[in-house]
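Input: a single structure, listed below in structure tokens.
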Amino acid sequence: MTEWITAPGLTDYDDAVAFMEARAAAIHAGEADELIWLVEHPPLYTAGTSAKADDLLDARFPVHAAGRGGQYTYHGPGQRIVYVMLDLNRRGRDIRAFVAALENWVIQSLAEFNLKGEIRDGRVGVWIARPDKAALPDGTMREDKIAAIGVKLRKWVSFHGISINVEPDLTHYAGIVPCGISGHGVTSLVDLGHPVGLDDLDVALMRTFPQNFPPIQG
5 MTEWITAPGL
15 TDYDDAVAFM
25 EARAAAIHAG
35 EADELIWLVE
45 HPPLYTAGTS
55 AKADDLLDAR
65 FPVHAAGRGG
75 QYTYHGPGQR
85 IVYVMLDLNR
95 RGRDIRAFVA
105 ALENWVIQSL
115 AEFNLKGEIR
125 DGRVGVWIAR
135 PDKAALPDGT
145 MREDKIAAIG
155 VKLRKWVSFH
165 GISINVEPDL
175 THYAGIVPCG
185 ISGHGVTSLV
195 DLGHPVGLDD
205 LDVALMRTFP
215 QNFPPIQG
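Residues in the sequence shown are numbered from 5 upward in steps of one, following our numbering.
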């Protein structure tokens, strides 16, 4: 069984990491169920294991070493954090397949709002094509990132996870090069003209979860 918990208010980042580490250990020991933890953080930046110092342009908010894969990203109010604590010992020890399932889960959830999320080789996360914006200097269509993915495995139990922009202050991304990718921007559900809240996204996430992470048998 996979438990779902929605944290009230804003959750301190260090407290969240401590909780995830303890829960992942309990899952591995067979003492707790898998967990999807829905969280919202105060404004902060996190640095993944591949983060480059030059990509931190303006440390206007606290910076945390995340220990997950990936580079710099922003978390803050109006962004849904989906911490994913699943047991890959029982679901299959395939990191690529796991990340692909996370990406597809986000894409299917966005489709609930008639948005076409896409993935790109060499650019982790989920992207939205922006034909309404001026093309890049080389003539290619501009794309904005709507969701970031960064996970960590300990004894094949996952933690960290996904961030999806619902209605964050997008100017807060100006302090970093998001995920080390310049030339493309960031967007959100509200920025794209969908006046929805975190609760609406949560419903979509719950609806599409079983298609990507079926219940464990036995």
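Yeah, the Cβ is synthetic: ideal placement off N, Cα and C, and Gly gets one too.
field: Other residues of its chain near residue 218: CB distance less than 7 Å, five sequence neighbours each side excluded
entry: none
field: residue 94: first and last residue of the uninterrupted alpha helix (DSSP H) it sits in
entry: 92-95
query: Helix, strand or coil: which one does DSSP assign to residue 220?
result: coil
field: Simplified DSSP state of residue 75, which is helix, strand or coil
entry: coil
field: Extent of the continuous beta strand (DSSP E) to which residue 162 belongs
entry: 161-169
query: What three-state label does DSSP hand residue 194 in the structure shown?
result: coil
query: In chain order, what residues of the same chain have a beta carbon less than 6 Å from the beta carbon of residue 93, not counting five sequence neighbours either side?
result: 160
query: Quick one, which of 80, 61 and 57 has its alpha-carbon nearest residue 69's?
result: 57
message: Taking contact to mean 3 or more Cβ pairs, one atom from each stretch, closer than 8 Å, check whether the segment 145-164 and the segment 31-47 are in contact.
response: yes
- prompt: If you draw a straight line from the alpha carbon of residue 8 to that of residue 20, how long is it in whole angstroms?
  reply: 15 Å
- prompt: Measuring CB to CB, does residue 119 end up less than 9 Å from residue 99?
  reply: no
query: In chain order, what residues of the same chain lie with their CB nearer than 7 Å to the CB of residue 59, ignoring the 5 residues before and after it?
result: 75, 76, 180, 181 and 184
task: Specify the secondary structure class of residue 68 as computed by DSSP and reduced to three states.
output: strand
- request: Rank 51, 13, 11 and 39 by C-alpha distance to the C-alpha of residue 153 and give the top, closest one.
  value: 51
- prompt: Of all the options 107, 61 and 45, which has the alpha carbon lying nearest to the alpha carbon of residue 15?
  reply: 45
- prompt: Should residue 81 be counted as a contact of the ligand GDP given a C-beta to heavy atom distance under 8 Å?
  reply: Inclusion of the ligand GDP in the displayed structure is not the case, the ligand content being empty and no account of it being possible.
- prompt: Do three or more CB pairs link the segment 107-116 to the segment 139-149 at distances below 8 Å?
  reply: no
- prompt: With a Cβ-Cβ cutoff of 9 Å, do residue 90 and residue 6 count as a contact?
  reply: yes
- request: Starting from residue 42, follow the beta strand (DSSP E) in both directions and report where the run begins and ends.
  value: 38-43
message: Quick check on the burial criterion: 16 or more other C-beta atoms within 10 angstroms. Buried or exposed for residue 85?
response: buried
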